[in-house]
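S.K.: Structure provided below as structure tokens; questions to follow.
Protein chains in written order, with the numbering used here: chain Z, 1 to 443; chain C, 444 to 759.
What follows is the structure, given as structure tokens:
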């Protein structure tokens, strides 16, 4: 509604009735959760410099060689402008697909460039894979907790998520078997296991190497596809990499990769590596979604990979993130009250914190924002309402000093909330409508 | 002579920052459509020096909650001598605190739902269950919990069952240290905008609010389509007159200036209850103030360009 729009445009059937959305009765049922959210609104404050945001997942790009990239982009337009600014193939730029194979080889993957589909970030790959495989009511198995963007994609296609428990070594094979059996006993159809094996978002844990073959065997023997999401695999703090699930079972794993954490998230360049037959369908799905990924951005990534020391750059990122992880873990140890526990990530962006019984991290968020610190409450990372005692803390963006200050503030917030819980007893707060996680532009 | 420039203050650090930014953008666009030169300013540590350096001809406050409504920013503007649209610092301090505003309005003979105000420390020192029991005994169920300050229904909860109270208290205390608990009045919920013109404060047509969920909470307020609005409200002429008198009365009693919005409920027996007053009401796409202006045959831009002229004439 604009200031000058006449009232009649919004009127409903009753005299004087105004509904501000004339399309309200036309939406698909799956839009039911797309509402304004009190929790989401609080993240607007997190963008202010006074607030230490441990909530978002923005990579720290300060270490990128911007001057050199600037010159490279100018050259790209001068030399290949008519290609870079033109439509391309939905499959992706061939040269980039070859380079992606080199990137994946670092984690043991032997892929063919033709089996890669370049996507607008790996989020688009996830969306397309879900679109290809899931009918409404189909079940997706996912770690509990799981990546919030994946849960959003699954919800958009009306797939049901069944969470599978993790421990400090990632997915627990026995609980995966149990989840499969229980789901099938209910007569439900499982389409795939969605997993982030390395430096998990949000849990910060990594699937133990010795479990990987077992997880793959469980899925293969139960005729369940594996969707492996691996945005952080090259960000192990000691430089270690783990064998990708895809490298161990190429025929039954669809692999999602991304340059968002290893180069530049704003370029939105990711990829899917899929078995040939799946890849053909992905190309058609990509065409209907976006026609093609941005040619300019693909060529920027391609030039970067061919002219920059991208492995050295990843090493720089790793060192930055390790310093921040260390600041986070030592601060948690120093400040958090007794009864709190947390994971010990050896790569990636996140620590998963469990708070004492009775504290609800979603209900506590306004208090935290008042104290000028923000985090992502745990319930956003579950499809089933679990996670009220958990929170995700990200250390990727703030400086170590800010991280230490943020954790110090958070500890004070927790102390106050625990006092409140002691006063009123252990409680589970009311359900809150709408998305409960920070947007992609939250620091 | 240089063209006058006006600063719309929005954002800030309150929990309502997001709503404030939306109000500020909408107000700025509306004023630009009136031909005014307007800039949107966030309210941060650079505000004072910017006000000193740039000296806008007047400021318009689209700030909601916290420093923007409790009189703090208004005090700064008064100290710097910058004219502004809206209630002065003294009026803000009276009206922003919901229990104080309720007491003053009730003292003037208007009805308001029975209420109690309790800080967290009372529950801690005296035992939560005993105090909650007394609260339910006094106010009955359902009752409504609100933080004693703040808007956009943040932290506001309707409690229908005593077993829900402890959790609701925890949720409400997350927004502040003091809770206002109020008897819940069933009836027709309305919002009445008051604007000041040459003849003094005038009430615009009441806007009736019918949230689909039954509760006009944050989601119902800011998700287009989840609430039906009726303007004119489905009230008898007597009730419409009474809610307008209440709104103008509250505006005068609390010493508000330029614009305000009073939220009220008309019970089945016709009694009009004052709920709260908003001295910097929301101006977003889903807010009731722009609707009331349209129903009155005017617009956000026209009203605020008039108010800013009055502010300039009034001076600091």
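The beta carbon of each residue, even a glycine, is placed where N, CA and C say it ideally should be.
This structure is a prediction, so every number in the text was calculated from the model and none was measured.
The alpha helix (DSSP H) with residue 178/Z in it runs from where to where?
M.R.: Locating residue 178/Z in the first chain gives position 178, counting from the first residue. Note, residue 178/Z: alpha helix (DSSP H), 173–185.
S.K.: Is there contact between the region 383–403 of chain Z and the region 349–363 of chain Z, where contact requires at least three CB pairs shorter than 8 Å?
M.R.: yes
S.K.: With 16 as the cutoff for other CB atoms within 10 Å, does residue 522/C come out buried or exposed?
M.R.: The residue given as residue 522/C occupies position 79 in the second chain. By the neighbour-count rule (16 or more Cβ atoms within 10 Å), residue 522/C is not buried but exposed.
S.K.: Over what stretch of residues does the beta strand (DSSP E) that includes residue 453/C continue unbroken?
M.R.: Reading the second chain from its first residue, position 10 is the one you call residue 453/C. Its beta strand (DSSP E) spans residues 448–453.
S.K.: Step through the CB atoms of chain Z and report whether any lies within less than 9 Å of the CB of residue 522/C.
M.R.: Stepping through the second chain from its first residue, residue 522/C is reached at position 79. Answer no: the Cβ-Cβ gap between residue 522/C and chain Z never drops below 9 Å.
S.K.: Does the contact criterion of 3 or more C-beta pairs under 8 Å hold for the region 200–209 of chain Z versus the region 289–307 of chain Z?
M.R.: no
S.K.: Around the Cβ of residue 136/Z, are there at least 16 other Cβ atoms within 10 angstroms (buried) or fewer (exposed)?
M.R.: Within the first chain, the letter at position 136 stands for residue 136/Z. It counts as exposed.
S.K.: Give me the residue from 701/C, 683/C, 752/C with the minimum Cα distance to residue 713/C.
M.R.: By 1-based counting over the second chain, the position of residue 713/C is 270. Of 701/C, 683/C, 752/C, the smallest CA-CA separation from residue 713/C is found for 683/C.
S.K.: Give the secondary structure of residue 723/C by DSSP, where H, G and I count as helix, E and B as strand, and everything else as coil.
M.R.: Residue mapping note: residue 723/C aligns to position 280 of the second chain, counting from 1. DSSP places residue 723/C in coil when its eight states are reduced to three.
S.K.: Does the Cβ-Cβ distance between residue 227/Z and residue 254/Z come in under 9 Å?
M.R.: The residue you call residue 227/Z lines up with position 227 of the first chain. The residue you call residue 254/Z lines up with position 254 of the first chain. Yes.
S.K.: Grouping DSSP H, G and I as helix and E and B as strand, with all else coil, what is residue 313/Z?
M.R.: Reading the first chain from its first residue, position 313 is the one you call residue 313/Z. Correct three-state label for residue 313/Z: helix.
S.K.: Relative to chain Z, which residues along the region 670–682 of chain C have a C-beta separation below 9 Å, given in chain order?
M.R.: Shown in chain order are the members of the region 670–682 of chain C whose Cβ falls below 9 Å from a Cβ of chain Z: 670, 671, 672, 673, 674, 675, 676, 677.
S.K.: Would you check if the region 730–744 of chain C and the region 634–643 of chain C touch, i.e. whether three or more CB-CB distances between them fall below 8 Å?
M.R.: yes
S.K.: List the DSSP bridge partners of residue 618/C.
M.R.: What you label residue 618/C is simply residue 175 of the second chain in a count that begins at 1. Residue 618/C pairs with nothing; no bridge assigned.
S.K.: Comparing the C-beta of residue 156/Z with each C-beta of chain C, is any distance below 9 Å?
M.R.: Here the question's residue 156/Z lines up with position 156 in the first chain. Taking Cβ atoms only, chain C never reaches closer than 9 Å to residue 156/Z, which makes this a no.
S.K.: Quick check on residue 53/Z - is its C-beta less than 9 Å from some C-beta in chain C?
M.R.: Here residue 53/Z refers to the residue found at position 53 of the first chain. By this cut-off, residue 53/Z is not an interface position.
S.K.: For residue 20/Z, return the contacting residues in chain C, with the cut-off set at a CB-CB distance below 8 Å.
M.R.: As a first step, residue 20/Z must be located in the first chain, where it is residue number 20. Going along chain C in sequence order, the residues near residue 20/Z (Cβ under 8 Å) are 667, 668, 670, 672, 728, 729.
S.K.: Let me see if you follow: with CB-CB separation under 9 Å, is residue 694/C close to chain Z or not?
M.R.: Residue 694/C sits at position 251 when you count from the first residue of the second chain. Residue 694/C does not count as touching chain Z.
S.K.: Can the beta-carbon of residue 628/C be found closer than 9 Å to that of residue 701/C?
M.R.: Within the second chain, residue 628/C is the residue found at index 185, counting from 1. Within the second chain, residue 701/C is the residue found at index 258, counting from 1. No, Cβ-Cβ distance for residue 628/C and residue 701/C is not below 9 Å.
S.K.: For residue 275/Z and residue 251/Z, which I take to be in contact (beta-carbon distance under 8 Å), what is that distance rounded to the nearest angstrom?
M.R.: Within the first chain, residue 275/Z is the residue found at index 275, counting from 1. Within the first chain, residue 251/Z is the residue found at index 251, counting from 1. The beta carbons of residue 275/Z and residue 251/Z sit about 6 Å from each other, so the pair counts as a contact at 8 Å.
S.K.: Taking one C-beta from the region 669–681 of chain C and one from the region 607–615 of chain C each time, how about it: are there three or more such pairs within less than 8 Å?
M.R.: no
S.K.: From residue 345/Z to residue 81/Z, what distance separates their C-alpha atoms?
M.R.: Position 345 of the first chain, counting from 1, holds the residue named residue 345/Z. Position 81 of the first chain, counting from 1, holds the residue named residue 81/Z. Rounded to the nearest whole angstrom, the CA to CA distance from residue 345/Z to residue 81/Z is 42 Å.
S.K.: Can you tell me whether DSSP reads residue 459/C as helix, strand or coil?
M.R.: Taking the second chain and counting its residues from 1, one reaches residue 459/C at position 16. Looking at residue 459/C - three-state DSSP - the assignment turns out to be coil, as it is neither helix nor strand.
S.K.: Less than 9 Å between CB atoms is the rule here; does residue 420/Z satisfy it with respect to chain C?
M.R.: In the first chain, the residue the question calls residue 420/Z occupies position 420. Interface residue, yes.
S.K.: To the nearest angstrom, report how far apart residue 465/C and residue 35/Z are at their CA atoms.
M.R.: Along the second chain, one-based indexing puts residue 465/C at 22. Along the first chain, one-based indexing puts residue 35/Z at 35. So the two alpha carbons sit approximately 16 Å from each other.
S.K.: Closer than 7 Å, Cβ to Cβ, to anything on chain Z: give me those residues from the region 646–662 of chain C, in chain order.
M.R.: 661, 662
S.K.: So, for residue 50/Z: in the same chain, excluding its five sequence neighbours on each side, which residues have a beta-carbon less than 8 Å away from its beta-carbon?
M.R.: Counted from its first residue, the first chain places residue 50/Z at position 50. Correct list, in chain order: 372.
S.K.: Enumerate in chain order the residues of its own chain whose CB-to-CB distance from residue 384/Z is below 7 Å, with the five nearest sequence positions on each side excluded.
M.R.: For the purposes of this step, residue 384/Z is taken as the residue at position 384 of the first chain. Residues of the same chain with a CB within less than 7 Å of the CB of residue 384/Z, apart from the 5 flanking positions on each side, are 163 in chain order.
S.K.: How should residue 87/Z be labelled, buried or exposed, when 16 other C-beta atoms within 10 angstroms of its C-beta is the threshold for buried?
M.R.: Working through the first chain from its first residue, we reach residue 87/Z at position 87. Per the 10 Å Cβ criterion, exposed.
S.K.: Based on the DSSP secondary-structure assignment, which residues constitute the bridge partners of residue 672/C?
M.R.: One-based indexing of the second chain puts residue 672/C at position 229. Paired residues: 18/Z, 652/C.
S.K.: Hey, could you find the ends of the alpha helix (DSSP H) residue 692/C is sitting in?
M.R.: Residue numbering aside, residue 692/C sits at position 249 when the second chain is read from its first letter. Its alpha helix (DSSP H) spans residues 680–696.
S.K.: At a Cβ threshold of 9 Å, is residue 415/Z touching chain C?
M.R.: Here the question's residue 415/Z lines up with position 415 in the first chain. Residue 415/Z does not count as touching chain C.
S.K.: Report the start-end ranges of each beta strand (DSSP E) in the region 137–178 of chain Z that is 3 residues or longer and not cut off at the edges.
M.R.: Annotation note: the region 137–178 of chain Z contains the following uninterrupted beta strand (DSSP E) runs of length 3 or greater, listed N- to C-terminal: 139–144, 160–167.
S.K.: Using three-state DSSP, classify residue 334/Z as helix, strand or coil.
M.R.: Here residue 334/Z is taken as the residue at index 334 of the first chain, counted from 1. Residue 334/Z falls in the helix class under three-state DSSP.
S.K.: With distances taken Cα to Cα, identify the nearest neighbour of residue 468/C among 477/C, 669/C, 481/C.
M.R.: Within the second chain, residue 468/C is the residue found at index 25, counting from 1. The shortest C-alpha separation from residue 468/C is found at 481/C.
S.K.: What is the DSSP secondary structure of residue 589/C, counted as helix, strand or coil?
M.R.: As a position in the second chain, residue 589/C is number 146, starting the count at 1. In this structure, residue 589/C counts as strand in the three-state DSSP scheme.
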